[in-house]
Structures are given as structure tokens and as C-alpha cells.
Amino acid sequence: MTSARSDLLLLAAFAAAVLAMPLWMAPFGAAYPDLLQRFAIYGIFAIGFNILFGFTGYLSFGHAAFLGVGSYTAVWSFKLLTMNVLPAVLLAMVVSGLFALAIGYVSLRRSGIYFAILTLAFAQMCYNLAYSVLTPLTNGETGLQITRTDPRIIDTWVSGPSSMIPSTTLFGIPMSGYTGFYFCAVLLVAAFYLSLRIARSPFGAMLRAIKSNQNRLNFTGVHSRPYALAAFVISGVYAGLAGALLACTDPLAGAERMQWTASGEVVLMTILGGAGSLVGPFVGAVVIKYFENIFSSFNAGTLHSVFGFLPDGLENAVVTVAGLFVGDGWHLTLGALFMLLVIFMPGGIAEGARRGARALRGRRAARRSGAHGAHATHGPRAHGVASSAHAAAQRAE
Amino acid sequence: MEAVLLQLLNGVDKGGAYALIALGLTLIFGTLGVVNFAHGAFFMLGAFCAVTMHKLLTISKQVKDESVTFFDSYKEIPYLELWLGDTGARIIDYAVPIAILLAIPMMLVLGIALERGLIRHFYRRTHADQILVTFGLAIVLQEVVKAYFGANPIPMPAPEAFSGSAAVGEWLGLGGGIYYPWWRLIYFLFSLALIAAVFAFLQYTTFGMVVRAGMRDRETVGLFGINIERRFTIVFGIAVVVAGLAGLMYTPVLPPDYHMGMEFLVLSFVVVVVGGMGSLVGAVVAGFLLGILQSFASMNEIKDLIPGIDQIIIYLVAVIILLVRPRGLMGRQGLMET
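Quick note, the sequences are listed as chains E and U, same order.
If you read the first sequence in my numbering, its first letter stands for residue -17, the second for the next number, and so on.
If you read the second sequence in my numbering, its first letter stands for residue -2, the second for the next number, and so on.
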């Protein structure tokens, strides 16, 4: 299953699906660059979060802080250096990585719920500071914007001063419309490739060992914290990249991106898609951003036309109830979805697909031979993973 | 001295709210072992009980306004005033305290229903799953409230008699310089009374004794033939009522809106951690402590010294406590220390 060839196939299929999104998203009414960009950006965010939560098992409730830091860094790069997106993206990744290193170094001293609260506390600190004392850096409630009077040293040096508010470019190619989307999409594929490589590496095996039983791993003599810290920093860099891309497509950064509801959203995306699976988080991000877009644009009129086939009294009742869940009430749908998912399908869409596939295979096998084949063997899995990680660690040394 | 006393007073009412929410969180964690991220939403629901009560009491009838003689003018007069005259007006004035009568049964029923319907299935799941499902529940509760009451804060006046300020300075013989709003003083006393009631209930009733025993060793209590799960369900209900009452009485201080609970929840979790996971006394002490600390940090002298400290002080304290003394101020040794 995990041979190099099947991985290559997976990567190729993923890249094809992502790059062809403008085509196959058209029947769903989602094939416009603005929304597709958001799919790609939040896909990166979720894939990065999955490296920490899905692989390593640490639930961070403050990841939006890194997204916010990435956005601010990118906008500052636009203001001070150049409107080219490349330095902005690189700088944002470096700065958010440093942030993640500092916060992770402290937070990873604890695990479980304490870790969640520590990361939440740090994110709230960033958010509160961005609104109050750091106003010179973040421009407070208004949000950080580019203005005509910004120095933009490199741009001025290359092409002389300009009096217009320029738009973001990649070496002269403006980052609007589909170019913006493809820029994000290429980075998404790269991000996916990296997460695939991590999952298949000894390092990834170590992360999974931390998830399944960190105590046991420590008892085998492995110092596990540096591995967890590395995962934390990598996912922080992913979040910074996503934040920078948000700023690239729309050069504006606001503190609300750091709020803990934003952190909750990425958790939801990852879980919806399937924490720990490779493609899952991206699927989760797409589903949530898609429904956010569709549902929040519904109003009573569209609902009436949808339920028009019902008798009048019933129609009004149904529309009143359904009206709570759409438009402004989109968050209600989100919350309900969150609950249903955790209750009934903790493995998310990925697990649902696996279950479906297993049921299909099971039926086929049953038709062929009768009894066995449907149940996979559930051996002493934790032990197996821990010992294989131990072997991996020995190999690494 | 006066400034210090004033900040102390400013801290205690907020501290009271933190302490009450944190007390409920700790009760739930200690009995059911569930991390409840929906507790802030219960605080908010309690606040909206006051709004509902006020709305119920002021259901009005359109009456012709006799004072306008040029044309037909109508004004709305609540039925209560029509029927009972001044007494009715006084009842409306006391809508907030009266709402307690509505809130207690409502929150209790809600709490027990939620525990039986939802939380029960999460005893054996991981803390992450518990956090996530209650987080979803909190969003749902918030959005339902938003759909009915709108997104704007709804000001709820305190009763007329308590709307002024108390001359606290004169009482203590410090001169007349220190005034403090009556209602916030009442909130402080109310939170003390409620905390005392909860502790008395746990300490001096048979029910409370069984619950305490169950918190120590659930299995043994079960072996005695006591249905400990049912007791714990009721404890969950009580915790929800405490959060609801805390929110209800807080409405004159802070006009309720649908997301007020989240802000308090995040802070209350920090309070629980600082006090020590599973320690009831720790939760209360840490609640007041952090409330007071926060109000001191927002003094101008201190803000000039360290800019922005008022925004982050609570989180900063939590980070330090978690790193230096992970079991919190009063947590039991060995409980959830890693």
C-alpha cells in the first residue's frame, strides 16, 4: 500500500484534482478564483495543522495566531520592501516559524488539555496585544493596509517612485484572478507533497508513536519532545504560509484572523476531513469553505423556491426552521455539524470513505467466499507502532 | 490606599463571575471527568433568562394616550401595570432578581437533559473529543440565542433602588472619596453566597457526601449499591444552574450579547488551571485572585510601566503557573500533572 509508486500516484491525483479545480468545480457553482483561492489557502492551513494534531496528537487551540502573524509579516513586506509576493511569503514563513518555535518550546512542556489551554492562552495574548498596545505594528481594529506613502524600498529602487497603490505581483505578473489561484494551488501541492514525505519518513513514524503512546516512547529512551517541537514549528510555518497567501490575494491583515474562533475553524476542517489522513484536511477545508460560501448567501427567497413543492403551510414551517441554519445562521450549521461529526464519525470524511470501501469490499468478499475477509486484524497496534518507531529511531541515529 | 481599595473592589465582582464559572467547570471535571467548553454558553443563557423575564413581565397592551388630545395616539402599557398599578411597576423594576425563579428550573432541566442526551456518551472519549463536542454545543447555543434575540447587546437595568453608588469609603472610615456601584457590591455578595451554598450542599448533606465520595473513588461508591451516575447527572445540572445564575445577575453590569460566554469561558478555564484542576477551593480562590489581579493591571500607573499588561495578565499568570507548578495553586499532587 505505502509503496513509492502508490505515493506518486496519490500525489499526481492530488495535483491533478487541485489544478483542475476550475473545471470540475464549475457544476457546483464554485469555479471562481476568489473562492478557489480560499480553498487552496485553507487547505494549506489544515494540512499543516494536521501534521501537529493528526500525526502527533497535540490539540492546539491557538493556531490562528500563526496565521495572523504570517499575514502581518506579508503586509509589512509589501509596505517596506516590494509588492513581489515571493519575499513576503518567505519572510512570513520565517517569522511565523520563529513564533511557533518560541510558543511551542513553552507549550510542549505540557500535553493534553493543558497544552490546548496553553496554546489558547498564547493566541489570546497575541490577539489582545494586536488590538491594543501593538497598534503601531498592526493598526488595531482597522487592520493593516498598504498605502500610497509606503516606502517599498526595492520597488522604488528598481522602477522609481510611483504615486499609485500598486497591486501584488509575482515578478510583474499580477496576483489577481486565476494567476492568484494557481500560485496558491502550486504551493498547496508542494505543501501536500511535504506532508506526504513527512508521513512516510522515520520522522513521521516518530510523530505517530508520540500520538499513540508518548510515555512508552519516553521509556524506550527516546527524547520525544524535539520531535513534537519540530512538528509544531512545521505546522506553524504552514499556518504562516497560509496567512501570507491571504495577504497576497488581498493585501490586508486584521487581528480577527487570530481570534480563537479562527483556531476552532481549522480544528473543525481537520476533523471533518479526517485527522491523521493525508488528503482529509484539504477535503475538510474545501467542504467548509464551500458550504460557508453557499449557505451564507441563502435567504428566505431562495429557500421558498427550494421548498416550493411542499403545501403552503408546511412550506412556511420548513422555511422558518431551515432559515435558522442559512444566511447569518451559517454558524449554527457549523456548530451542529461539529457535534454530529465528533459524536458519530470522529475519523471524519476519510474514515467514512474507508468504512464505505470496507463495506463494499466486505460484501464482495462475502459473495465470493462466504465468511471472512471483512474484518481487519486489530492486533496490539500501539505496541507495534511504538516498537517500529523505536527501530526507526535507531536507524536514524 | 484609596486607589488600591478601589481596584480591589473593581476586581471582586468580575472575580466573582470567574469563580462561579470555574467552580462549575471544576465540579463537572471532578465528577464526570469531562472538560466542558460549553460552560460559557450556560453563563450566557442565564443572562438571557433575565432578558426573557423582562420581556415576559412587560408584555403590553396598546392603550389610547389620553394626554394627547389633537389626534388618536396609542402607547403601550404592560399588563402588569394595568392590573396591579404601582406594584406592577415595581415588579418590572425587579425583573433581574425575579428572573432567578425562571432560571433555576430552566437551567436545571437543560443541564440534566444535556448530560443524559450528550455528555454521557463522552465519559470514556478523549479530552480532545470532549472539548470539540462541547465547543460545537457552545456554538449551537450561541447561534440559537442570536437568532431569537439578535446580535446586539441588550441593556438590562438594575432595580431602581440599587442603581446608585455606595459610599464604601465612609463605611470604612477612609473619607468619602470611594464610591462603588451598589449592584456590583450585591453581585459580589451574591457570588459569595452562592459559593457558600454549593460548598454547604456538598459538605453537609448526604447527597453531597456521596458525591464527594464518588469524586474520590467512583468504583467503590458504585460497589455500595449507590447509583453514582444519577448523582453526577444532578451535579452537572447544579453546575449549569450556578453558571446560569452567575450570568443572570451579571446582566446589569454587562449588557448581555450572544457571545459574552466565550470570553468568560476562556478566562474561566485559565482560572481552573491556575487554581488546580479538580480543586473546588482552588477554583474559587483563583477566580477572585485573577479578577483582582486584572483590575490592578488596568491601573494607569501599572499600564505606564508595562504597556499592554492589562490585556494579557491573566494569560501570563496561567502560563507561568502551568510551567512552574502544573498542578495549580491548590491541586492535588499527581492529578493531571502532565
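Every residue, glycine too, gets a C-beta built ideally from N, C-alpha and C.
The structure displayed is predicted, hence computed values, not measured ones.
Under 9 angstroms between C-beta atoms of residue i and residue j
{"i": "ALA47(U)", "j": "VAL93(U)", "result": "yes"}
{"i": "LYS271(E)", "j": "TYR40(E)", "result": "no"}
{"i": "GLY162(E)", "j": "PRO69(E)", "result": "no"}
{"i": "VAL215(E)", "j": "LEU83(E)", "result": "yes"}
{"i": "LEU178(U)", "j": "TYR91(U)", "result": "Correcting the residue type first, residue 178(U) is Pro in the shown sequence and not Leu. Contact: no."}
{"i": "PRO150(U)", "j": "ASP254(U)", "result": "yes"}
{"i": "ALA35(U)", "j": "PHE119(U)", "result": "no"}
{"i": "PRO233(E)", "j": "SER149(E)", "result": "yes"}
{"i": "ALA237(E)", "j": "MET251(E)", "result": "no"}
{"i": "PHE31(E)", "j": "PHE174(E)", "result": "no"}
{"i": "ALA221(E)", "j": "VAL248(E)", "result": "yes"}
{"i": "LEU105(U)", "j": "VAL268(U)", "result": "no"}
{"i": "GLY225(E)", "j": "GLY86(E)", "result": "no"}
{"i": "PHE261(U)", "j": "ALA14(U)", "result": "yes"}
{"i": "PHE395(E)", "j": "VAL130(U)", "result": "Any property of residue 395(E) remains undetermined from this structure, which presents chain E solely from -17 to 379."}
{"i": "SER(-12)(E)", "j": "ARG239(E)", "result": "no"}
{"i": "LYS61(E)", "j": "THR120(E)", "result": "no"}
{"i": "LEU42(U)", "j": "PRO75(U)", "result": "no"}
{"i": "MET257(U)", "j": "GLY37(U)", "result": "yes"}
{"i": "ILE175(U)", "j": "GLU298(U)", "result": "no"}
{"i": "LEU306(E)", "j": "LEU296(E)", "result": "no"}
Integer Cβ distance of residue i from residue j, believed to fall under 8 angstroms
{"i": "GLY328(U)", "j": "MET274(U)", "result": "6 angstroms"}
{"i": "GLY258(E)", "j": "PHE37(E)", "result": "7 angstroms"}
{"i": "PHE266(U)", "j": "LEU17(U)", "result": "Wrong, their Cβ atoms sit about 14 angstroms apart, outside the cutoff."}
{"i": "ASP46(E)", "j": "ALA244(E)", "result": "Here residue 46(E) is Ala; the residue named in the question, Asp, does not match the sequence. That belief holds up - the Cβ atoms of ALA46(E) and ALA244(E) are roughly 4 angstroms apart, short of 8 angstroms."}
{"i": "LEU220(U)", "j": "ARG209(U)", "result": "At roughly 17 angstroms, the Cβ-Cβ gap does not stay under 8 angstroms, so LEU220(U) and ARG209(U) are not in contact."}
{"i": "PHE26(U)", "j": "VAL32(U)", "result": "6 angstroms"}
{"i": "GLY85(U)", "j": "LEU98(U)", "result": "Contact doesn't hold; Cβ gap of about 17 angstroms is too wide."}
Which of helix, strand or coil DSSP assigns to residue i
{"i": "VAL60(U)", "result": "strand"}
{"i": "SER114(E)", "result": "coil"}
{"i": "GLU123(E)", "result": "coil"}
{"i": "THR151(E)", "result": "strand"}
{"i": "ASN66(E)", "result": "strand"}
{"i": "SER162(U)", "result": "strand"}
{"i": "TYR71(U)", "result": "strand"}
{"i": "PRO208(E)", "result": "helix"}
{"i": "TYR184(U)", "result": "helix"}
{"i": "MET107(E)", "result": "helix"}
{"i": "ALA74(E)", "result": "helix"}
{"i": "PRO178(U)", "result": "strand"}
{"i": "PRO4(E)", "result": "helix"}
{"i": "PRO143(E)", "result": "coil"}
{"i": "PRO102(U)", "result": "helix"}
{"i": "PRO328(E)", "result": "coil"}
{"i": "PRO156(E)", "result": "strand"}
{"i": "HIS154(U)", "result": "Reading off the sequence shown, one finds Pro at residue 154(U), where the question assumed His. In the structure shown, PRO154(U) sits in coil (DSSP, three-state: anything other than H, G, I, E or B)."}
{"i": "VAL57(E)", "result": "helix"}
{"i": "ILE223(U)", "result": "coil"}
{"i": "PHE320(E)", "result": "helix"}
{"i": "MET327(U)", "result": "coil"}
{"i": "ASN33(U)", "result": "coil"}
{"i": "SER183(E)", "result": "coil"}
{"i": "TYR40(E)", "result": "coil"}
{"i": "GLN115(U)", "result": "The sequence shown places Leu at residue 115(U), not Gln. Three-state result, LEU115(U): coil."}
{"i": "THR131(U)", "result": "helix"}
{"i": "GLY132(E)", "result": "The question names Gly, but residue 132(E) is Asp in the sequence shown. Note: ASP132(E) maps to coil in three-state DSSP."}
{"i": "HIS45(E)", "result": "coil"}
{"i": "VAL218(U)", "result": "helix"}
Per-residue contacts from residue i into chain C (C-beta, under 7 angstroms)
{"i": "PRO328(E)", "result": "Looking at the structure shown, chain C is missing, and the protein chains on hand are E and U."}
> Between the segment 280 to 304 of chain U and chain E, which residues of the former have CB atoms less than 7 angstroms from a CB of the latter, in chain order?
Replying inline: PRO304
>> Restricting to runs no shorter than 4 residues, where is the alpha helix (DSSP H) found entirely within the segment 226 to 285 of chain E?
In response: 242 to 255, 262 to 279
> Closer than 7 angstroms, Cβ to any Cβ of chain U: which residues of the segment 301 to 327 of chain E, in chain order?
Replying inline: LEU306, GLY311, HIS313, LEU314, LEU316, GLY317, ALA318, PHE320, MET321, VAL324, ILE325
> Looking at chain U, which residues of the segment 74 to 101 of chain E have a Cβ within less than 8 angstroms of any of its Cβ atoms?
Replying inline: VAL88, ARG91, ARG92, SER93, GLY94, ILE95, TYR96, ALA98, ILE99, LEU100
> Name the residues in the segment 227 to 238 of chain U whose C-beta lies less than 9 angstroms from a C-beta of chain E; which are they?
Replying inline: none
>> Tell me which residues of the segment 135 to 146 of chain U have at least one Cβ-Cβ distance to chain E shorter than 9 angstroms, keeping chain order.
In response: ALA135, ILE136, VAL137, LEU138, GLN139, GLU140, VAL141, LYS143, ALA144
> Whole alpha helix (DSSP H) runs in the segment 228 to 306 of chain U with 4 or more residues, listed along the chain?
Replying inline: 257 to 272, 277 to 294, 297 to 302
>> Give me the subset of the segment 316 to 327 of chain U whose CB atoms are less than 8 angstroms from a CB atom of chain E, sorted by chain position.
In response: VAL316, LEU319, LEU320, PRO323
> Given a limit of 9 angstroms on CB to CB distance, which residues of the segment 227 to 253 of chain E reach chain U?
Replying inline: TRP242, THR243, GLY246, VAL249, LEU250, ILE253
> If you measure beta-carbon to beta-carbon, which residues of the segment 251 to 270 of chain U are closer than 7 angstroms to chain E?
Replying inline: VAL263, PHE266, VAL267, VAL270
> Name the residues in the segment 87 to 119 of chain U whose C-beta lies less than 9 angstroms from a C-beta of chain E; which are they?
Replying inline: LEU115, HIS118, PHE119
> What residues in the segment 98 to 124 of chain E have a beta carbon less than 8 angstroms from any beta carbon of chain U?
Replying inline: ALA98, ILE99, LEU100, LEU102, ALA103, PHE104, GLN106, MET107, ASN110, LEU111, TYR113, SER114, VAL115, LEU116
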